[in-house]
Each structure stands twice: as C-alpha cells, then as structure tokens.
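**Student:** Pasting a structure below so you can have a look.
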Amino acid sequence: MNTKRRVFLKHLTLGIVGVAAASCEDLPSSLVLLPPLQNIHPVGAPLDLTWKALGVKTITIAYSPNGGETWEIIGQQISAKKGFWTWDAPSEITQFAIFRISDERDSTLNARSAAPLQIVAAFPVLLSDYPSLNQIGHVEVFEIASFNAFAILTQDDNSLKVKSLTCTHSGCQVNWEASSRFFLCPCHGSVFNDKGCEMAGPADMPLYEHATYYQADSNILWVMDRLLQNGC
Ligand code: FES
C-alpha cells in the first residue's frame, strides 16, 4: 500500500504561544507548543502533540475541552527533549480543545495552544479492507446508519477523495450508478460525474468533500463530519 498518496494534510503555520524564563545555566529556557497539522481532528483518533524545548528536562501536558476554563492532566514526566507525544485519543467532541505544556521544575514556564482545535465526529475506514481503492477511478460507497452517506473516490493521481452523497440542490441522497459512472439524484434529476462534479441541474455545485485525517500507523482514513466546498 502506497501510503504517500494518502497524505491529505498540510502544515499550518499559525501563531504559537510560548513563555520563556531564565535557567540556572544563564541560558534562557523556553517552551514552544507547535500547532497541529490541521485545525480539526477526529474524535477517537490518536493526536500528535509537538513542541520545542530549551533548558527543560520533563514536561506535563494538560488538556482543556473548553478553551481553558477547566484542565485535566493527560501526560506527565514526558521528556522535553523528545519533542513529541501522542495522546491516545480524545474522546469528546468540542470546538475549543486547547493544550498546555509546562516545565515540571517550574510550572510558570509553559506554553499553550495558539488557537483552539476542533474535535469532530468521524468514521474510521480501515483501508486494507478495501483493496479496490488501489485502482484509479474506483468508487466505494459507504452507507452507515450513524453517519451521512459518503463515497471514497480514487483519483487519477492515486490519491483518495471523500465525497458526501448529499445532493447540493436540496439535500436528497444521490445514488452511484456503476454502469454509467454517474451519481444520480432521485429527487429532481441532478447528475454528478465520478469526481463529484455537477453535470446536469438543478444542482449547480459539486458534491461536497469531507475533511479527512489519515492515521498512518493503522492505515485508517478518518472521514470527518466536516464538509468542504471544493471545485472540480
Ligand atoms: S435534491 Fe437533488 S436534484 Fe434536487
């Protein structure tokens, strides 16, 4: 399985919160908490936290689901030199997840998330269960009781896109017709091609795309409950 093609994520270059203090070695100690790869994250998926530290041995990591009103310790005695740590899995949906790292010798030396992380509902797709997704042009439809229907499309460059099956006209669920390779809306007849682009109205927009997160260590594609309007 070529995992490179499944990299959907871009590094964000948002601001960073850092606090510095003086160490006993006359070098300024510092902690910088780096922003996550995306500003949304699937509930239930491990989350990587990364930082830069100078003059710090061990840190404590705290989590707040409500923008800093309340905190819980999620990691202790973590080597600052390591520079990263994986939180098993956030278990609650929130728009205001923030993190704080603190020097265990001096908690006044700490750094917080520069912006809240949104933790959203998501459906995990174990890609090894769908070998057909290795074929360019393949369309795999998922109809799950607890989640809006979606389809995973294998693009010409072998990457994967996830399209919502909710019609962009008035919200009916479109059906995939493998013989014609069109998504057809049963309500008013809109037609979308195998890339989700509108081919016949009344819909005048492509099918929405789902935000995704690829968990490389488990080969899981998390389909997040967040829709993006991308062009065709
Ligand atoms: S809801 Fe799909 S064409 Fe109207």
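In this note's numbering, the protein residues as written are 1 to 232.
For each residue, glycine too, the CB sits at the ideal point set by N, CA and C.
Could you give the DSSP three-state label for Leu103: helix, strand or coil?
**Tutor:** The residue given as residue 103 occupies position 103 in the sequence shown. According to the sequence as given, residue 103 is Asp; it is not Leu. Strand, per DSSP.
**Student:** With respect to the beta strand (DSSP E) encompassing Val120, which residues constitute its N-terminal and C-terminal limits?
**Tutor:** One-based indexing of the sequence shown puts residue 120 at position 120. From DSSP, the beta strand (DSSP E) with Val120 extends over 117 to 120.
**Student:** Would you kindly report the start and end of the unbroken beta strand (DSSP E) that includes Asn148?
**Tutor:** Here residue 148 corresponds to residue number 148 of the sequence shown, with the count starting at 1. Counting along the chain, the beta strand (DSSP E) containing Asn148 begins and ends at 147 to 154.
**Student:** Taking the alpha-carbon positions, what's the Thr70 to Phe96 distance?
**Tutor:** As a position in the sequence shown, residue 70 is number 70, starting the count at 1. As a position in the sequence shown, residue 96 is number 96, starting the count at 1. Cα to Cα, the separation comes out at about 11 Å.
**Student:** Taking the alpha-carbon of Leu54 as reference, which of Phe123, Glu104, Leu31 has the nearest alpha-carbon?
**Tutor:** Counting from 1 along the sequence shown, the entry for residue 54 is found at position 54. Minimum Cα distance to Leu54 is reached at Leu31.
**Student:** With a CB to CB cut of under 6 Å and the five nearest residues on each side skipped, what residues in its chain are close to Leu127?
**Tutor:** Here residue 127 corresponds to residue number 127 of the sequence shown, with the count starting at 1. For Leu127, where only same-chain residues beyond five positions count, the Cβ hits under 6 Å are Asn219, Leu221.
**Student:** Pull every residue with its beta-carbon under 7 Å away from any heavy atom of ligand 1, and keep them in chain order.
**Tutor:** That query returns the following residues: Cys167, His169, Ser170, Gly171, Cys172, Val174, Cys185, Cys187, His188, Gly189, Ser190, Pro202, Ala203.
**Student:** Express the C-alpha separation of Thr212 and Ala244 in angstroms, rounding to a whole number.
**Tutor:** Summary: the structure shown does not reach residue 244, with the chain confined to residues 1 through 232, and so no result is reported for it.
**Student:** Please check the pair Ile61 and Leu47, which I expect to be a contact at CB under 8 Å, by giving their CB distance rounded to whole angstroms.
**Tutor:** Taking the first residue of the sequence shown as position 1, residue 61 is located at position 61. Taking the first residue of the sequence shown as position 1, residue 47 is located at position 47. No, Ile61 and Leu47 are not in contact; Cβ-Cβ is about 11 Å, not under 8 Å.
**Student:** Sorted by chain position, which residues of the same chain lie with C-beta nearer than 8 Å to Cys187's C-beta, five sequence neighbours on each side aside?
**Tutor:** Here residue 187 refers to the residue found at position 187 of the sequence shown. Closer than 8 Å at Cβ, skipping near neighbours: Cys167, His169, Ser170, Cys172.
**Student:** Between Ser79, Ser91, Gly201, Ala80, which lies nearest to Tyr63 when the distance is taken from Cα to Cα?
**Tutor:** The residue you call residue 63 lines up with position 63 of the sequence shown. Among Ser79, Ser91, Gly201, Ala80, the Cα nearest to that of Tyr63 belongs to Ser91.
**Student:** With a CB to CB cut of under 7 Å and the five nearest residues on each side skipped, what residues in its chain are close to Val139?
**Tutor:** What you label residue 139 is simply residue 139 of the sequence shown in a count that begins at 1. The answer, listed in chain order, is Ala151, Leu153, Trp176, Asp194.
**Student:** In its own chain, which residues sit with a C-beta less than 6 Å from the C-beta of Phe142, not counting the 5 before and 5 after it?
**Tutor:** Here residue 142 refers to the residue found at position 142 when the sequence shown is read from its first residue. Excluding positions up to five away in sequence, the list reads Phe150.
**Student:** Of the choices Val191, Lys57, Leu207, Pro116, whose alpha-carbon is the least far from that of Ser164?
**Tutor:** Here the question's residue 164 lines up with position 164 in the sequence shown. With distances taken between Cα atoms, Ser164 lies closest to Leu207.
**Student:** Leaving out five residues on either side along the sequence, give the residues of the same chain with a beta carbon under 7 Å from the beta carbon of Phe84.
**Tutor:** As a first step, residue 84 is located in the sequence shown; it is residue number 84 there, counting from the start. So the list reads Asp48, Leu49, Thr50, once near-sequence residues are dropped.
**Student:** Ordered along the chain, which non-local residues of its own chain (more than five positions away) have a Cβ less than 7 Å from that of Leu228?
**Tutor:** On the sequence shown, residue 228 is found 228 positions in, with the first residue counted as 1. Within the same chain, Leu228 has close Cβ partners Tyr208, Glu209, Ala211.
**Student:** Looking at the structure shown, is Asn219 part of a helix, part of a strand, or coil, going by DSSP?
**Tutor:** Taking the sequence shown and counting its residues from 1, the one referred to as residue 219 is at position 219. Asn219: coil per DSSP, three-state reduction.
**Student:** In this structure, how does DSSP classify Ser132 when only helix, strand and coil are distinguished?
**Tutor:** The residue you call residue 132 lines up with position 132 of the sequence shown. Here Ser132 sits in helix by DSSP.
**Student:** Run through DSSP, which three-state label would Leu207 get?
**Tutor:** Reading the sequence shown from its first residue, position 207 is the one you call residue 207. Correct three-state label for Leu207: coil.
**Student:** With DSSP as the reference, label Leu109 as helix, strand or coil.
**Tutor:** Counting from one through the sequence shown, the residue named residue 109 turns up at place 109. Three-state DSSP puts Leu109 in coil, outside helix and strand.
**Student:** What's the C-alpha gap between Asn110 and Cys197?
**Tutor:** In the sequence shown, counting from the first residue as 1, residue 110 sits at position 110. In the sequence shown, counting from the first residue as 1, residue 197 sits at position 197. Distance between the alpha carbons of Asn110 and Cys197 is about 48 Å.
**Student:** Kindly indicate which three-state DSSP category Leu127 falls into: helix, strand or coil?
**Tutor:** The count along the sequence shown starts at 1 and reaches residue 127 at position 127. Three-state DSSP puts Leu127 in a helix.
**Student:** Closer than 8 Å by C-beta to Cys24: which residues in its own chain qualify, once you throw out the five before and the five after it? Chain order, please.
**Tutor:** Your numbering for residue 24 matches position 24 in the sequence shown. Any reading at Cys24 needs caution, since the residue's pLDDT is 46, under 50, leaving its predicted position unreliable; the model's value is listed next. Same-chain partners within the cutoff: there are none.
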